[in-house]
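Peer 1: Chains as they are written, first to last, in this note's numbering: chain A, 1 to 232; chain B, 1 to 301.
Have a look at this one before I ask anything.
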């Protein structure tokens with residue numbers, strides 16, 4: 001058997017006739033290739049757990065947990081995504097052309113998540129290294145307990161942004177309804193602007209880094225302070 | 001968990017097939033709530049002065065013709081329409097007199113709903129069985145709400161199923177759980193609100209009944225929930241003209257809304273809306289926490 005590396009073959013899977021588990025099993029069995037998924041119609045767990053540099057395009061709206069646990073793959077959703085989009089991703093890229101529901105990019109350890117519309121509450125909750133770029137706005141409690149990675153919001157951020165944040169970098173272009181506990185505005189240094197410019201470019205978000213403000217941890221909440229030893 | 005579906009028709013064609021569309025939505029939400037299912041349909045509005053009641057009987061051999069005959073003798077009444085364990089009768093007097101008479105004469109029957117247009121049907125069991133048993137596909141209507149239940153706060157019974165009536169032509173369905181329902185139930189009892197179960201949603205329904213009784217608008221009553229209810233909720237409230245949606249400020253429980261030229265829909269998940277004609281091109285959004293959304297049609301002149 002000969003495998004043609006650059007063959008422009010696109011495997012098509014129609015979820016109106018193919019069971020979801022069969023789609024995911026086939027994606028898990030492939031070392032590479034391009035896939036097009038039709039008629040997702042809000043199905044949950046589409047294209048989860050991929051562990052190879054596949055390119056997957058999903059034509060329509062998806063339900064919960066789309067592209068969760070992704071490693072290496074590029075998954076593009078031509079529609080909206082439900083709760084828990086790209087949850088716990090390790091690497092690769094997930095792009096949603098519409099809006100994302102709550103907890104997008106939750107607990108992600110790596111890779112890039114791009115939402116062309118807006119993301120709802122708790123975007124990037126407990127993120128651990130994933131980079132998230134939202135062209136629109138994010139809801140309340142976004143980047144809650146965020147540990148590592150960047151959250152870039154080209155629109156506005158909801159209430160309690162970055163509550164109990166550790167070391168993630170937050171960049172917001174619009175208004176912030178309110179900062180969470182221990183989250184403060186910080187100076188935008190040149191290396192931050194460079195980091196932001198790179199992310200905006202990779203996310204095809206045509207905005208000037210100088211329009212953004214940076215937020216991060218005041219580091220008063222998670223560092224042990226010896227003056228407080230009596231309280232323990 | 002629980003699943004909620006709401007569908008508001010903007011076209012006569014869709015109104016004619018409202019039941020089959022709501023049935024498809026409920027089937028998609030079946031695994032969010034496999035314990036029980038229920039619907040509220042708004043249709044065939046009766047003349048002013050008359051009352052449409054939906055009754056439930058636990059007795060599968062219930063003599064509905066006998067109930068209809070007794071109501072006809074007392075007040076005048078239309079034919080009885082039996083649907084599984086429920087029956088709908090139009091009585092030619094006001095709701096208060098109808099319900100008082102029914103409670104005295106037929107205390108074993110449960111009045112599920114009363115009003116000009118509302119009909120509530122609900123039962124324990126799989127939503128797919130409910131859809132078949134109540135022949136939802138045959139129903140028409142201007143708008144309807146549906147619910148699939150995964151019980152957390154009280155028993156799996158017909159009475160614990162949703163929707164809950166909150167007054168004439170009003171009902172409530174709920175996804176979530178309330179923490180202060182025991183305390184609030186006692187407070188509402190002191191205000192004269194009656195409760196049949198230990199269910200948390202029934203307390204939210206009783207709260208709305210109380211607020212409306214005290215003169216609040218539906219919007220103000222729902223905004224009162226933000227202050228007085230502790231817990232998680234996405235609510236959908238059916239009214240004679242439309243429906244309203246409210247999510248608690250933390251918004252753990254999901255909701256999606258969509259609109260086309262032919263309908264407005266809300267559901268716990270998009271896959272329920274995906275069953276509707278034209279869903280792919282619908283305008284779609286997630287309702288914001290703590291904000292009341294409502295639809296109604298212009299009153300008939």
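C-beta atoms are modelled at their ideal positions from N, C-alpha and C, and glycine is treated no differently.
If we require 4 or more residues per run, which alpha helix (DSSP H) segments fall completely within the region 86-167 of chain B?
Peer 2: Those alpha helix (DSSP H) runs which fall completely within the region 86-167 of chain B and span 4+ residues are 95-105, 127-133.
Peer 1: Report yes if the C-beta distance between residue 171 (chain A) and residue 144 (chain A) is below 8 Å; otherwise report no.
Peer 2: Residue 171 (chain A) sits at position 171 when you count from the first residue of the first chain. Residue 144 (chain A) sits at position 144 when you count from the first residue of the first chain. No; because the gap between Cβ atoms is not below 8 Å, this pair is not in contact.
Peer 1: Is DSSP giving residue 16 (chain B) helix, strand or coil here?
Peer 2: Reading the second chain from its first residue, position 16 is the one you call residue 16 (chain B). Note: residue 16 (chain B) maps to helix in three-state DSSP.
Peer 1: Apply the 10 Å Cβ neighbour rule to residue 206 (chain A) and answer buried if 16 or more other Cβ atoms are within range, or exposed otherwise.
Peer 2: The residue you call residue 206 (chain A) lines up with position 206 of the first chain. Per the 10 Å Cβ criterion, exposed.
Peer 1: Count the other C-beta atoms from every protein chain shown that fall within 10 angstroms of the C-beta of residue 92 (chain A), then say buried if there are 16 or more, exposed otherwise.
Peer 2: Reading the first chain from its first residue, position 92 is the one you call residue 92 (chain A). Buried is the call here.
Peer 1: Quick check: the Cα distance between residue 169 (chain B) and residue 219 (chain B), rounded to an integer number of angstroms?
Peer 2: The count along the second chain starts at 1 and reaches residue 169 (chain B) at position 169. The count along the second chain starts at 1 and reaches residue 219 (chain B) at position 219. Taking the straight line joining both Cα atoms gives about 16 Å.
Peer 1: With 7 Å as the C-beta to C-beta threshold (strictly closer), list the residues of the region 78-91 of chain A near chain B in chain order.
Peer 2: Hits within the stretch, in order: 80, 82, 83.
Peer 1: Opposite residue 259 (chain B) in the DSSP bridges: which residues?
Peer 2: As a first step, residue 259 (chain B) is located in the second chain; it is residue number 259 there, counting from the start. B:264, B:283, per the DSSP bridge assignment.
Peer 1: Check whether the Cβ atoms of residue 201 (chain B) and residue 56 (chain B) sit closer than 8 Å, and answer yes or no.
Peer 2: Locating residue 201 (chain B) in the second chain gives position 201, counting from the first residue. Locating residue 56 (chain B) in the second chain gives position 56, counting from the first residue. The answer is no: Cβ separation not under 8 Å.
Peer 1: Would you call residue 132 (chain B) buried or exposed, if buried means 16 or more other Cβ atoms sit within 10 Å of its Cβ?
Peer 2: Here residue 132 (chain B) corresponds to residue number 132 of the second chain, with the count starting at 1. Counting Cβ neighbours within 10 Å, residue 132 (chain B) comes out exposed, since fewer than 16 surround it.
Peer 1: To be precise: take each residue of the region 272-284 of chain B, compare its Cβ to all Cβ atoms of chain A, and keep it if any distance is under 9 Å. Which residues remain?
Peer 2: Those residues of the region 272-284 of chain B that come within reach of chain A (Cβ to Cβ, closer than 9 Å) are 272, 273, 274, 275, 279, 280, 284.
Peer 1: Run through DSSP, which three-state label would residue 107 (chain A) get?
Peer 2: Counting from 1 along the first chain, the entry for residue 107 (chain A) is found at position 107. Coil, per DSSP.
Peer 1: Would you mind telling me which residues of chain B sit closer than 7 Å to residue 63 (chain A), beta carbon to beta carbon, in chain order?
Peer 2: Residue 63 (chain A) sits at position 63 when you count from the first residue of the first chain. The answer, in chain order, is 269, 270, 271.
Peer 1: Can you find a C-beta in chain B that's less than 8 Å from the C-beta of residue 43 (chain A)?
Peer 2: Stepping through the first chain from its first residue, residue 43 (chain A) is reached at position 43. So yes, residue 43 (chain A) belongs to the interface.
Peer 1: So, does the CB of residue 286 (chain B) fall closer than 8 Å to a CB anywhere in chain A?
Peer 2: Your numbering for residue 286 (chain B) matches position 286 in the second chain. Yes, its Cβ sits closer than 8 Å to a Cβ of chain A.
Peer 1: Which residues mark the beginning and the end of the beta strand (DSSP E) in which residue 4 (chain B) is found?
Peer 2: Here the question's residue 4 (chain B) lines up with position 4 in the second chain. Residue 4 (chain B) -> beta strand (DSSP E) spans 3-9.
Peer 1: Let me make sure I understand the geometry here. Which of A:135, A:10, A:111, A:130 has the alpha-carbon closest to that of residue 120 (chain A)?
Peer 2: Along the first chain, read from residue 1 onward, the residue named residue 120 (chain A) stands at position 120. Comparing Cα positions, the closest option is A:135.
Peer 1: Are there 16 or more other CB atoms within 10 angstroms of the CB of residue 167 (chain B), so buried, or fewer, so exposed?
Peer 2: Locating residue 167 (chain B) in the second chain gives position 167, counting from the first residue. Answer is buried; the Cβ neighbour count reaches 16.
Peer 1: Output the boundary residues of the alpha helix (DSSP H) element that contains residue 72 (chain A).
Peer 2: As a position in the first chain, residue 72 (chain A) is number 72, starting the count at 1. Note, residue 72 (chain A): premise wrong, no alpha helix (DSSP H); not H, not E.
Peer 1: Would you call the CB atoms of residue 33 (chain B) and residue 150 (chain B) closer than 8 Å?
Peer 2: As a working note, residue 33 (chain B) is residue 33 in the second chain. As a working note, residue 150 (chain B) is residue 150 in the second chain. In this structure, residue 150 (chain B) lies closer than 8 Å to residue 33 (chain B) by Cβ.
Peer 1: Name the chain B residues whose beta carbon is nearer than 8 Å to that of residue 60 (chain A)?
Peer 2: Residue mapping note: residue 60 (chain A) aligns to position 60 of the first chain, counting from 1. The contacting residues are 280.
Peer 1: Output yes if chain B places a C-beta closer than 8 Å to the C-beta of residue 140 (chain A); else output no.
Peer 2: As a position in the first chain, residue 140 (chain A) is number 140, starting the count at 1. For residue 140 (chain A), the answer is yes, since a Cβ of chain B falls inside 8 Å of its Cβ.
Peer 1: In this structure, how does DSSP classify residue 288 (chain B) when only helix, strand and coil are distinguished?
Peer 2: Taking the second chain and counting its residues from 1, one reaches residue 288 (chain B) at position 288. If DSSP states are grouped into helix, strand and coil, residue 288 (chain B) belongs with coil.
Peer 1: Are residue 178 (chain A) and residue 161 (chain A) touching if we call contact CB-CB under 8 Å?
Peer 2: As a working note, residue 178 (chain A) is residue 178 in the first chain. As a working note, residue 161 (chain A) is residue 161 in the first chain. Yes; because the gap between Cβ atoms is below 8 Å, this pair is in contact.
Peer 1: Measure the C-alpha to C-alpha separation of residue 202 (chain A) and residue 116 (chain A) and round it to an integer number of angstroms.
Peer 2: Here residue 202 (chain A) refers to the residue found at position 202 of the first chain. Here residue 116 (chain A) refers to the residue found at position 116 of the first chain. Cα to Cα, residue 202 (chain A) sits roughly 12 Å from residue 116 (chain A).
Peer 1: Work out the CA separation of residue 188 (chain A) and residue 265 (chain B) for me, nearest whole Å.
Peer 2: Residue mapping note: residue 265 (chain B) aligns to position 265 of the second chain, counting from 1. Residue mapping note: residue 188 (chain A) aligns to position 188 of the first chain, counting from 1. Cα-Cα distance, rounded: 44 Å.
Peer 1: Contact check, residue 103 (chain A) vs residue 87 (chain A) under 8 Å by CB: the rounded distance?
Peer 2: The residue labelled residue 103 (chain A) in the question sits at position 103 within the first chain. The residue labelled residue 87 (chain A) in the question sits at position 87 within the first chain. Their Cβ separation, rounded to whole angstroms, is 7 Å, which keeps residue 103 (chain A) and residue 87 (chain A) in contact under 8 Å.
Peer 1: So what's residue 52 (chain B) in DSSP terms, helix, strand or just coil?
Peer 2: Counting from 1 along the second chain, the entry for residue 52 (chain B) is found at position 52. Reduced to three states, the DSSP call for residue 52 (chain B) is strand.
Peer 1: How big is the Cα-Cα spacing for residue 238 (chain B) and residue 271 (chain B)?
Peer 2: The count along the second chain starts at 1 and reaches residue 238 (chain B) at position 238. The count along the second chain starts at 1 and reaches residue 271 (chain B) at position 271. If I take the Cα positions, the gap works out to 22 Å.
Peer 1: Within 10 Å of its beta-carbon, does residue 181 (chain A) have 16 or more other beta-carbons around it, so buried, or fewer, so exposed?
Peer 2: Here residue 181 (chain A) refers to the residue found at position 181 when the first chain is read from its first residue. Answer is exposed; the Cβ neighbour count stays below 16.
Peer 1: On the CB-based measure, 16 or more other CB atoms within 10 Å of its CB, does residue 12 (chain B) come out buried or exposed?
Peer 2: As a first step, residue 12 (chain B) is located in the second chain; it is residue number 12 there, counting from the start. Exposed.
Peer 1: Using a cut-off of 8 Å between C-beta atoms, extract the partners of residue 72 (chain B) located in chain A.
Peer 2: For the purposes of this step, residue 72 (chain B) is taken as residue 72 along the second chain, with counting starting at 1. Going along chain A, no residue has its Cβ under 8 Å from residue 72 (chain B), so there is no contact; the nearest lies around 48 Å.
Peer 1: State the start and end residues of the unbroken beta strand (DSSP E) segment that holds residue 38 (chain B).
Peer 2: Position 38 of the second chain, counted from the first residue, corresponds to residue 38 (chain B). Element bounds for residue 38 (chain B): 36-42.
Peer 1: Would you mind sorting residue 183 (chain B) into buried or exposed? The rule is 16 or more other CB atoms within 10 Å of its CB.
Peer 2: By one-based count along the second chain, residue 183 (chain B) stands at place 183. Answer is exposed; the Cβ neighbour count stays below 16.
Peer 1: Closer than 8 Å, CB to CB, is residue 101 (chain A) near chain B or not?
Peer 2: Sequence index remark: in the first chain, residue 101 (chain A) carries index 101 (1-based). Yes, residue 101 (chain A) counts as interfacial toward chain B.
Peer 1: Skipping 5 residues on each side, what residues in its chain have a beta carbon closer than 8 Å to that of residue 30 (chain A)?
Peer 2: Here the question's residue 30 (chain A) lines up with position 30 in the first chain. Answer for residue 30 (chain A): 52, 54, listed in chain order.
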